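Everything below concerns the one structure shown next.
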Amino acid sequence: MAIPDLRPCSAVVIGGSAGGIEALTALLPMLPARLRVPIVIVMHQHPSMPSLLPELFTARCALPVSEADDKMAVLPGHVYFAPPDYHLLVEADPDAAGSMRLALSVEPPVRYSRPSIDVLFESAAIAWRAQVLGVLLSGANDDGSRGLAAIRAAGGQAWVQAPESAKVDTMPQEAIARGAAERILNLEEIGHGLASIIE
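According to this note's numbering, the sequence shown is numbered sequentially starting from -10.
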């Protein structure tokens, strides 16, 4: 299932909230082990509970999955999840020209959320500019719509889960209303599109 005019990219950033984990359960198993771009993910989580997402998806994903840590190098073909109660950002690595690393922040919540999808997406737009693909999934608020718009403004690709396929359609609808969605795709189309990046 080819996505027309799919452009090469250096990284994928994904955000979601209510219904987002169910969406990832469909998407991540579709990714082949030979995928060579990093995938950085923010899912809204309860701030005082340990995240089980890396453990959950390690068993379902052909790629290495880990929880992001501060100053962790961003490696090709790896999946990184934001830890609870920390913003997750991407920044240039001053010690390795052309490389990126992750950064954690305890700055105040954005759009009532920490981690915030907007924070990740906006930092990715600065770090990778036209070489980043942002994907916004199911969710119950408007976090992510501003960040996805920033990715699109930087020349990156901006995908939104089709509202009718989302468990909670508020987040996709907000991004569409803001004009941030370059493509509106169901989960099968998103999964096949991501898998085809390596081809």
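C-beta: ideal position from N, C-alpha, C; glycine also.
Since we're looking at a predicted model, the values are computed, not measured.
Nearest to residue i by CA position, among the options, is which residue?
i: residue 20; options: 103, 54 and 34; result: 54
i: residue 38; options: 92, 75 and 124; result: 75
i: residue 34; options: 125, 102, 25 and 77; result: 102
i: residue 26; options: 154, 138, 117 and 167; result: 117
i: residue 139; options: 149, 115 and 130; result: 115
i: residue 93; options: 112, 59 and 68; result: 59
So, with DSSP's three-state summary, where would you put residue i?
i: residue 52; result: coil
i: residue 208; result: Any answer about residue 208 is impossible in this case: the structure gives the chain only from -10 up to 188.
i: residue 12; result: helix
i: residue 61; result: coil
i: residue 5; result: strand
i: residue 32; result: strand
i: residue 86; result: coil
Answer with buried or exposed for residue i, where buried requires no fewer than 16 other C-beta atoms within 10 angstroms of its C-beta.
i: residue 14; result: exposed
i: residue 182; result: buried
Could you check whether residue j and residue i sit closer than 9 Å to each other, using their CB atoms as the reference points?
i: residue 0; j: residue 89; result: yes
i: residue 56; j: residue 43; result: yes
i: residue 31; j: residue 79; result: no
i: residue 142; j: residue 122; result: no
Problem set entry | Ranges of the alpha helix (DSSP H) found wholly within the stretch 92 to 153, counting only runs of at least 4 | 106 to 117 and 134 to 142
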